[in-house]
Amino acid sequence: MVPTHSILVGVAIVVSALASHSTLADADIANDDSLASAFLAQCLQMQDCARERMATEGSMDPALVQMIETRMTGQCEAQLQKIAQYEASPHTQGLIDCYQAVTALSCAELAAEPSIPACEQ
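Per our numbering, the very first residue in the sequence shown carries number 6; after that it's consecutive.
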(Lines of atoms letter the chains of each structure in order from A; the text may use other names.)
(Lines give C-alpha, C1' and ligand atoms only; values in the text may rest on other atoms or scores of the structure.)
Protein backbone atom coordinates (compact mmCIF):
# COMPACT_ATOMS: atom_id res chain seq x y z
CA MET A 6 0.00 0.00 0.00
CA VAL A 7 1.19 3.50 -0.84
CA PRO A 8 0.68 6.10 1.91
CA THR A 9 -1.94 8.71 1.06
CA HIS A 10 0.60 11.48 1.58
CA SER A 11 2.77 9.97 -1.16
CA ILE A 12 -0.18 9.86 -3.53
CA LEU A 13 -1.05 13.49 -2.82
CA VAL A 14 2.56 14.53 -3.34
CA GLY A 15 2.55 12.54 -6.57
CA VAL A 16 -0.61 14.29 -7.71
CA ALA A 17 1.02 17.65 -7.00
CA ILE A 18 4.05 16.62 -9.07
CA VAL A 19 1.84 15.49 -11.94
CA VAL A 20 -0.07 18.77 -11.86
CA SER A 21 3.19 20.69 -12.03
CA ALA A 22 4.79 18.49 -14.68
CA LEU A 23 2.03 18.10 -17.26
CA ALA A 24 2.04 20.63 -20.05
CA SER A 25 -1.24 21.24 -21.85
CA HIS A 26 -3.21 24.27 -22.97
CA SER A 27 -6.81 23.16 -22.62
CA THR A 28 -9.43 25.11 -20.71
CA LEU A 29 -12.45 24.08 -18.71
CA ALA A 30 -14.72 25.46 -21.42
CA ASP A 31 -12.82 23.51 -24.11
CA ALA A 32 -13.07 20.26 -22.19
CA ASP A 33 -16.75 20.79 -21.28
CA ILE A 34 -16.45 18.48 -18.30
CA ALA A 35 -17.68 20.63 -15.46
CA ASN A 36 -20.71 18.47 -14.70
CA ASP A 37 -19.76 14.93 -15.63
CA ASP A 38 -18.14 12.08 -13.75
CA SER A 39 -15.12 11.62 -15.99
CA LEU A 40 -11.52 11.27 -14.88
CA ALA A 41 -10.85 14.84 -16.01
CA SER A 42 -13.77 16.17 -13.97
CA ALA A 43 -12.69 14.28 -10.84
CA PHE A 44 -9.11 15.45 -11.35
CA LEU A 45 -10.22 19.08 -11.76
CA ALA A 46 -12.30 19.02 -8.57
CA GLN A 47 -9.43 17.46 -6.62
CA CYS A 48 -6.86 19.86 -8.06
CA LEU A 49 -8.99 22.91 -7.26
CA GLN A 50 -9.53 21.53 -3.73
CA MET A 51 -5.76 21.22 -3.24
CA GLN A 52 -5.30 24.80 -4.45
CA ASP A 53 -8.00 26.04 -2.08
CA CYS A 54 -6.24 24.27 0.78
CA ALA A 55 -2.92 25.84 -0.22
CA ARG A 56 -4.54 29.26 -0.24
CA GLU A 57 -6.15 28.60 3.14
CA ARG A 58 -2.82 27.54 4.58
CA MET A 59 -1.04 30.63 3.22
CA ALA A 60 -3.74 32.85 4.69
CA THR A 61 -3.58 31.27 8.13
CA GLU A 62 0.22 31.26 8.33
CA GLY A 63 0.27 35.01 7.89
CA SER A 64 4.07 35.18 7.95
CA MET A 65 4.56 34.79 4.22
CA ASP A 66 5.84 37.72 2.21
CA PRO A 67 2.87 39.20 0.29
CA ALA A 68 4.92 39.25 -2.92
CA LEU A 69 5.57 35.51 -2.54
CA VAL A 70 1.89 34.85 -1.90
CA GLN A 71 1.00 36.83 -5.04
CA MET A 72 3.57 34.90 -7.08
CA ILE A 73 2.13 31.58 -5.86
CA GLU A 74 -1.42 32.74 -6.58
CA THR A 75 -0.43 33.77 -10.10
CA ARG A 76 1.27 30.42 -10.68
CA MET A 77 -1.80 28.49 -9.50
CA THR A 78 -4.25 30.41 -11.66
CA GLY A 79 -5.42 28.16 -14.48
CA GLN A 80 -2.96 25.40 -13.52
CA CYS A 81 -5.64 22.78 -12.93
CA GLU A 82 -7.62 23.58 -16.05
CA ALA A 83 -4.44 23.50 -18.12
CA GLN A 84 -4.04 19.79 -17.33
CA LEU A 85 -7.48 18.63 -18.46
CA GLN A 86 -6.64 17.67 -22.03
CA LYS A 87 -3.68 15.55 -20.87
CA ILE A 88 -5.68 13.91 -18.05
CA ALA A 89 -8.60 13.17 -20.40
CA GLN A 90 -6.25 11.08 -22.54
CA TYR A 91 -6.23 8.49 -19.74
CA GLU A 92 -10.02 7.96 -19.68
CA ALA A 93 -9.62 4.50 -21.25
CA SER A 94 -6.93 3.35 -18.80
CA PRO A 95 -7.71 0.20 -16.79
CA HIS A 96 -7.03 2.25 -13.64
CA THR A 97 -9.39 5.11 -14.51
CA GLN A 98 -12.16 4.24 -12.03
CA GLY A 99 -9.64 3.85 -9.20
CA LEU A 100 -8.22 7.28 -9.97
CA ILE A 101 -11.70 8.80 -10.12
CA ASP A 102 -12.56 7.21 -6.75
CA CYS A 103 -9.33 8.54 -5.22
CA TYR A 104 -9.80 12.06 -6.60
CA GLN A 105 -13.41 12.12 -5.38
CA ALA A 106 -12.40 10.87 -1.92
CA VAL A 107 -9.74 13.58 -1.63
CA THR A 108 -12.18 16.25 -2.80
CA ALA A 109 -14.68 15.18 -0.13
CA LEU A 110 -12.20 15.94 2.68
CA SER A 111 -11.76 19.30 4.31
CA CYS A 112 -8.42 21.07 4.24
CA ALA A 113 -7.96 20.30 7.94
CA GLU A 114 -8.57 16.62 7.26
CA LEU A 115 -6.09 16.64 4.37
CA ALA A 116 -3.48 18.42 6.48
CA ALA A 117 -3.63 15.52 8.93
CA GLU A 118 -2.48 13.23 6.08
CA PRO A 119 -5.27 10.69 6.53
CA SER A 120 -5.31 7.22 5.12
CA ILE A 121 -7.71 7.31 2.18
CA PRO A 122 -8.67 3.75 1.24
CA ALA A 123 -9.70 4.72 -2.29
CA CYS A 124 -6.17 6.03 -2.90
CA GLU A 125 -4.33 3.03 -1.52
CA GLN A 126 -4.98 0.57 -4.30
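Virtual Cβ for every residue (Gly too), placed ideally from N, Cα, C.
Neighbourhood of residue i by C-beta distance below 6 Å, restricted to the same chain and skipping five residues each side
i, result
"V107", "Q47"
"C112", "C54 and E57"
"C103", "A123 and C124"
Residue closest to residue i, alpha-carbon to alpha-carbon, out of the options
i, options, result
"S39", "C124, Q90, L115 and E57", "Q90"
"D37", "E92, S64, A60 and Q71", "E92"
"A123", "I101, G79 and A83", "I101"
"M77", "A117, E125 and C54", "C54"
"L49", "A116, S120 and G79", "G79"
Residues of its chain near residue i, where Cβ-Cβ distance is below 8 Å and the 5 sequence neighbours each way are ignored
i, result
"L5", "Here the chain has residues from 6 to 126 only, and residue 5 is not among them."
"Q71", "none"
"A60", "none"
Neighbourhood of residue i by C-beta distance below 7 Å, restricted to the same chain and skipping five residues each side
i, result
"Q52", "M77 and C81"
"I88", "L40, A41 and F44"
Restricting to runs no shorter than 4 residues, where is the alpha helix (DSSP H) found entirely within the stretch 56-112? Listed in chain order, the complete alpha helix (DSSP H) runs (minimum 4 residues) inside the stretch 56-112 are 67-77, 85-89 and 97-108.
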